[in-house]
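Counted from 1, the sequence shown has number 34 at position 1 by the UniProt record's numbering; the numbering is strictly sequential.
Beta carbons: idealized from backbone N, C-alpha and C, even for Gly.
In this text, all values refer to a predicted model and were calculated from it rather than measured experimentally.
Please read the structure below before turning to the comments.
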Amino acid sequence: PLLLDIRDVKKHYGKFQALKGVSLDLREGEIISVLGPSGCGKSTLLQLVAGLAKPDGGEILLSGRRIASASGMVPPEKRGVNMVFQDYALWPHMSVFDNIAYGLKQKKMDRAAIRAKVEEALDLLRLNGLQDRLPPQLSGGQQQRVAIARAIVTEPRLMLLDEPLSNLDMRLRIEMRTEMAVLFRRLGISVFHVTHDPEEAFAMADRLLIMREGAIDQFASPKACFRRP
Ligand code: ADP
Ligand code: ADP
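Spelled out as structure tokens, the structure:
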């Protein structure tokens, strides 16, 4: 079944047309990676799905419900969508445990259930033993795993990844892109992933969306996209 349905979405900044009518669909459990040169509109598209910006035209549906159009939008926290950012955006003065537990506390889940959920996430992301540390006391790779743990623990319908590995060194990027894809597939979490790294996209995606100048250039399996004539 269809999870995300983006229909002819347009966005401009002043006279500049950043998205010129983009349409795509994402199925339940699917990982789509959005790839393309700087300035092609990847972040703008992700912001529209996240609810951080409003389209000027077209509409976005999530599980059949309209969440954004020119005439209105559902706020980010009501979309069942979580996001992992390039700079992690962890709360530096909160422990690893509290960072991961944050969304569960907002939902007013009871303490025992929160503890169980956080411990499960610590296990999944191989963060055992680090729960009392503060983010600045962790390596970049560990911080990114905390950000992922925080994003999966509330069981979002859709995970948005914005250049998630760009701040890591090459060895970690190679390790983490496989680890992330395996984890999301195992948990059945659908993923909308933006990157400028073709290898990262190729390693993670079921389908690749290649953008160029605010429009879709290709939308197909990685093999089909990278096949040379
Ligand atoms: P990408 O993520 O692919 O690098 P973006 O979506 O960030 O592309 O940007 C697409 C285009 O829109 C770029 O030319 C960028 O300069 C422009 N743009 C993005 N955000 C704004 C903004 N807030 N105001 C004006 N122009 C913007
Ligand atoms: P507490 O009141 O439990 O000490 P905090 O001081 O950690 O909570 O955070 C207060 C609010 O500020 C939180 O709701 C959080 O959304 C926001 N916040 C704190 N640190 C950051 C950060 N680094 N980036 C973004 N938002 C933050």
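Cutting at 6 Å between CB atoms, please list the residues of its own chain near residue i, excluding the five before and the five after it.
i, result
"Pro107", "The identity of residue 107 in the sequence shown is Val, whereas the question assumes Pro. Excluding sequence neighbours, Val107 sits near Ile100."
"Glu92", "Arg40, Arg99, Ser102"
"Trp124", "Asn132"
Using the three-state DSSP reduction, which class does residue i fall into: helix, strand or coil?
i, result
"Leu158", "coil"
"Val179", "helix"
"Asn115", "strand"
"Ile185", "helix"
"Leu220", "helix"
"Ala257", "helix"
"Ala234", "helix"
"Leu167", "coil"
"Arg190", "coil"
"Leu201", "coil"
Given this structure, state the Cα-to-Cα distance separating residue i from residue j, to the nearest angstrom.
i, j, result
"Val151", "Gly105", "35 Å"
"Gln176", "Ile147", "20 Å"
"Leu59", "Lys138", "30 Å"
"Lys140", "Met127", "18 Å"
"Gly221", "Leu81", "23 Å"
"Leu79", "Gln170", "30 Å"
"Lys48", "Gly90", "15 Å"
"Glu232", "Lys44", "28 Å"
"Ala257", "Ala234", "13 Å"
"Ser254", "Gly54", "22 Å"
Identify, in the order they occur along the chain, each residue of the same chain with its Cβ nearer than 7 Å to the Cβ of residue i, setting aside the five sequence neighbours on each side.
i, result
"Met237", "Ile64, Ser66, Arg210, Met213, Ala214, His226"
"Lys75", "Val67, Gly69, Val227, Met244"
"Glu110", "none"
"Leu158", "Arg178, Ile181, Ala182"
"Ala83", "Pro109, Val114, Met116, Leu193"
"Leu85", "Pro109"
Using 9 Å as the limit for Cβ to Cβ distance, is residue i near chain B?
i, result
"Gly54", "Considering every chain present, this structure includes no chain B. It has just one protein chain."
Let me check understanding here. Comparing Cα to Cα, which of the options lies closest to residue i?
i, options, result
"Gln50", "Leu163, Gly247, Leu205, Phe259", "Gly247"
"Arg98", "Asp38, Phe252, Arg204, Ala253", "Asp38"
"Gly136", "Asp89, Asn161, Ile185", "Ile185"
"Leu201", "Gly72, Val82, Ala86, Tyr121", "Tyr121"
"Ile249", "Tyr46, Leu35, Leu52, Asp195", "Leu52"
"Lys87", "Thr77, Phe118, Met203", "Thr77"
"residue 24", "Arg112, Arg204, Arg260, Leu198", "Absent from the structure is residue 24, since the part of the chain shown begins at 34 and ends at 262."
With a CB to CB cut of under 8 Å and the five nearest residues on each side skipped, what residues in its chain are close to residue i?
i, result
"Pro34", "Arg60, Glu61"
"Arg218", "Gly62, Ile64"
Quick check for students: name the residue ranges of the beta strand (DSSP E) that lie wholly in the stretch 35 to 109, counting only runs of 3 or more. 35 to 46, 49 to 60, 64 to 68, 90 to 95, 98 to 102
Could you name each continuous alpha helix (DSSP H) segment of 4 residues or more that falls completely within the stretch 119 to 156, going from the start of the chain to the end?
129 to 139
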